[in-house]
Every structure is written in C-alpha cells, then in structure tokens.
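Worksheet: the structure to be examined is printed underneath.
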Amino acid sequence: MLLGFKTELKVNNTQRVLLAKHAGVARHAWNWGLSLTKKILDNNQENPNNKLKFPSAIDLHKWLIALVKPECPWYYEVSKCAPQYALRHLKRAWDDCFKKVKKAPRFKKKGKSDSFTLDGSITVERNQIKVPRIGWLKTYERLPQGIKPKSVTISKRANKWFISFKLEITPRDNATPKNKAIAVDLGLLRFATLSTGEEVSSPRPYKQLEKKLAKLQWRNRRQVIGSSNWKKTQRKIAKLHYRISCIRSDFLHKFTTHLAQNHSRIVIEDLNISGLIKNGKLSKAIADSGFYEFRRQLTYKTELYGSKLIIAERFFASSKLCPKCGHKKDKLPLSVRVYQCENNNCDWIADRDYSASLNLLGLAEPEVMPVEMKTPKSIDEAGTNKQIMSNIV
Ligand SMILES: [Zn+2]
Numbered sequence: 029m030l031l032g033f034k035t036e037l038k039v040n041n042t043q044r045v046l047l048a049k050h051a052g053v054a055r056h057a058w059n060w061g062l063s064l065t066k067k068i069l070d071n072n073q074e075n076p077n078n079k080l081k082f083p084s085a086i087d088l089h090k091w092l093i094a095l096v097k098p099e100c101p102w103y104y105e106v107s108k109c110a111p112q113y114a115l116r117h118l119k120r121a122w123d124d125c126f127k128k129v130k131k132a133p134r135f136k137k138k139g140k141s142d143s144f145t146l147d148g149s150i151t152v153e154r155n156q157i158k159v160p161r162i163g164w165l166k167t168y169e170r171l172p173q174g175i176k177p178k179s180v181t182i183s184k185r186a187n188k189w190f191i192s193f194k195l196e197i198t199p200r201d202n203a204t205p206k207n208k209a210i211a212v213d214l215g216l217l218r219f220a221t222l223s224t225g226e227e228v229s230s231p232r233p234y235k236q237l238e239k240k241l242a243k244l245q246w247r248n249r250r251q252v253i254g255s256s257n258w259k260k261t262q263r264k265i266a267k268l269h270y271r272i273s274c275i276r277s278d279f280l281h282k283f284t285t286h287l288a289q290n291h292s293r294i295v296i297e298d299l300n301i302s303g304l305i306k307n308g309k310l311s312k313a314i315a316d317s318g319f320y321e322f323r324r325q326l327t328y329k330t331e332l333y334g335s336k337l338i339i340a341e342r343f344f345a346s347s348k349l350c351p352k353c354g355h356k357k358d359k360l361p362l363s364v365r366v367y368q369c370e371n372n373n374c375d376w377i378a379d380r381d382y383s384a385s386l387n388l389l390g391l392a393e394p395e396v397m398p399v400e401m402k403t404p405k406s407i408d409e410a411g412t413n414k415q416i417m418s419n420i421v
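Under this note's numbering, think of the first position of the sequence shown as 29, with each following residue one higher.
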C-alpha cells in the first residue's frame, strides 16, 4: 500500500534561499524542455515527411547537460535531481496530453506552484528529514517513523514550504489486541471520552499556561502600544503561544497514534463545527481544542497503521440516544452532563459523553456493542485520564 504524506517545513533563511534556487532551476529546466518539445511538435506538423523523434526524459536531460548547464552556472548550485525530475514530469505531462488525459503542459511562472523533486539518501527522524544537497529540514509535525522514502517533493504555497513523499506501507497485523473497535466522543469539558470508559483531558500544563497567557494578554492590553514594556510582553506572549502549541501538538500526536495503533476500527463524530460556532461561547473553545487537527491526524494514521476510521453521519444523534435500549430523547442541553434514560423499562444512567461514545461504537459493527453494560461512571476528570496517558507510547 502506498500512502501519500505531506507536511509543512520549518525553514530558516538560508534554507529558504536554497529551496527557492532548487525550485528556480526546476522551473527553468521545465520551461526550456517545454519550449524545445513544442518546437519539435511544430516541426513535425509542418514537415510530416521529415518528422523528428519525440525525445525521452533521458534525451532531454542529456541535451540539457550539454546545452544549458554550461551557460547557466546557477545549475551547479543545486542538486542535479531538480532539473532531472522536472524533465521527467514534463515528459509525463506530454504523455498524458498525447493520451488525451490532460491538456498540453504550460510554461511555469515564478512563484506559481514552485516545486522540485529530489531522490537519493533520505533519512527521517522524529521532527526532521535529511535530503540530498539541502541537508536536515525541520518539520512542525512528527514524521512517521521507520520509513525510507525513495524521493521527496518540496513545494511552496502561500509563502510556506511543504515536503511530501510516498510511503510504502505494509499494514500491520490486525489480529491480536488491535482487533477491537473503539469510539471517541470529543467534548469541550474534557477532550475525549472513549467507549472503553476512559477519559482523556488535555494535558494539565496546557491549562496552566493558558491561564498565564490570559493574564499576559490582559496586561498587554493595558500597556502603551510600542513601549518597551509592551514589546517585552508581546515577546512573552509569542513564546507562550509557541509552548502551548507544542504541548497540544504532542498530546494530539500521542493520542491519535495510540488510537490508530491499538484499534482496528475507530469511530468518531462528524462534528457539526459550523453549527457549534454559531454559539459564541463555544467558538473559542472549539477553535482551541484541535478537533480539526485530531481528525486530520487520525485520518492518515489509521491509513498508516492499517486500521479503519469510521465517521458518523453528521446528524447521528449520538448524545440523545440511550445506548442500552435505543430510546431517543427530544432534547439534551449541553449543561446536562448525565444521561438518564426516560424509558420506564430502562435503568440506564451514565455520563453523557460516555453514553454518546457507546452509541458511536454501535456504528463500528453492531455485534461489538458490549453485552454487559458498564456501571455508570462518575464525572471525575482526573482519574482515568492518567490511566490512558500512561498506556500511550
Ligand atoms: Zn434506555
């Protein structure tokens, strides 16, 4: 199985210049090759009796080395892969055009879809990747481990650089402990409630830092804009923002990796985020809580580890249904934290989010619904969270 992976690079100024040079050479080679091949096609149309052979990518590269490189010294500043792959991509573009799959290739303009491809010795570590000629490049997100991509493509979009590569994945054996489904109910009070009864809160330092951040922001608003104290507070705020984002990202990565590695099927809600955002009070909490990021990570990690992500339909009433008898409440305000079934023949009473997660679990496969229902849980945030965080790698 081949999985595509793309992530943003954290580049310094020297690297930015080097990446731009590579993209520039790739673009130059593409445009040169395109102009040459166009001339060949024009000639063949005008002189049907004296057709020229349409060049292969290797022909093009040979000609480039002989004709272009000596005149363009900047080619020597970058990896030879950059022009080579540009010509390969050009050849592929023409092939697609001849097969009438795509339109004819076009000339590239600077700053518009800048990209280049490199191959050779590529090393991947936790938060960085080493590529030929350029060296170590840092990433914001932790990279998949134990992999060796054959080639990488580096591209620029909206002033940001991205790296992408293909991973050859052997889906892991789902047989043993993995072969169980889990459902995750995302919430605002605690980050997630699992159908196993475990509760996952955002990391504790996160909350403390948030308080500190709010204090600094409050102070900053009262300082004279542009004064040295104001600047000092600004710097402190930026630093704190960064620390908070690191903690959150680390937490999300651990949590999503844990889920994807240990469960064959994972059910989550399709959060109606736009609906929730209309509720002004909730919008900040949602924006901060990383729901989008959670889903994005889970999407690629379930592919990576060979498990399956199931997303409940947007209007699935996960929190209004009784997981034991299926009774549906008309209403359950967010302030009500305990689900108590209204059906007289049913004694279900449990934490609201836990109940919702059991309903979600039912979507994984009806027969995995637990036969024996767990005893109602108290709404205690501290205890079980420790348990799961210590299970996480
Ligand atoms: Zn019930």
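All residues carry an ideal CB built from backbone N, CA and C; glycine is no exception.
Model, not experiment: these values are computed from the prediction.
| query | result |
| --- | --- |
| Check: residue 352 C-beta below 7 Å from any heavy atom of ligand 1 | yes |
| Distance, residue 181 Cα to residue 454 Cα | No statement about residue 454 is possible, as the shown extent of the chain runs from 29 to 421 and does not include it. |
| Proximal residues to residue 55 (C-beta, below 6 Å), its chain only, five neighbours per side dropped | 136 |
| Residue 63 (DSSP reduced to helix, strand or coil) | helix |
| Option nearest residue 151 by Cα separation, candidates 169, 143 and 174 | 174 |
| C-alpha gap between residue 364 and residue 349, whole angstroms | 14 Å |
| Under 8 Å between C-beta atoms of residue 146 and residue 58 | no |
| Residue 114 classed as buried or exposed, judged by whether at least 16 other C-beta atoms fall within 10 angstroms | buried |
| Cβ-Cβ separation, residue 385 to residue 221 (assumed contact under 8 Å), whole Å | 5 Å |
| Proximity below 8 Å, CB of residue 144 to CB of residue 51 | yes |
| Pairwise C-alpha distance: residue 106 and residue 328 | 32 Å |
| 3 or more residues per run - each beta strand (DSSP E) lying fully within the region 305–393 | 336–339, 366–368 and 377–379 |
| Span separating the alpha-carbon of residue 159 from that of residue 187 | 21 Å |
| Pairwise C-alpha distance: residue 290 and residue 53 | 45 Å |
| Residue 183 and residue 142 closer than 8 Å at C-beta | yes |
| Residue 179, enclosing beta strand (DSSP E) - first and last residue | 179–185 |
| Residue 256, enclosing alpha helix (DSSP H) - first and last residue | 256–290 |
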